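A.B. asks:
Residue numbers (our numbering): -15 to 38.
#1: In the DSSP assignment, find the alpha helix (DSSP H) that holds residue 18 and state where it starts and stops.
#2: Whose C-alpha, out of 10, 14, 30, is nearest the C-alpha of residue 2?
#3: Using a threshold of 8 Å, state whether the C-beta atoms of residue -1 and residue 7 are closer than that.
#4: Distance check for residue 14 and residue 22, CA to CA, integer angstroms please.
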């Protein structure tokens, strides 16, 4: 198992700065999208139940 990980690490290379920036942007966009959907659902269900938010 360790040999497999060593081989993977030796074959892999570091991402270029532009590729890394794009990866960060896509990751953050996904996090905010999922969080926004969660907040919207929370607000929707709170309003449907007539309960205060929080």
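Note that CB positions come from ideal geometry on N, CA and C, so glycine has one too.
Here the structure is a predicted model, which is why all the values come from computation and not from measurement.
C.D. replies: Reading off the structure:
#1: 1 to 33
#2: 10
#3: yes
#4: 12 Å
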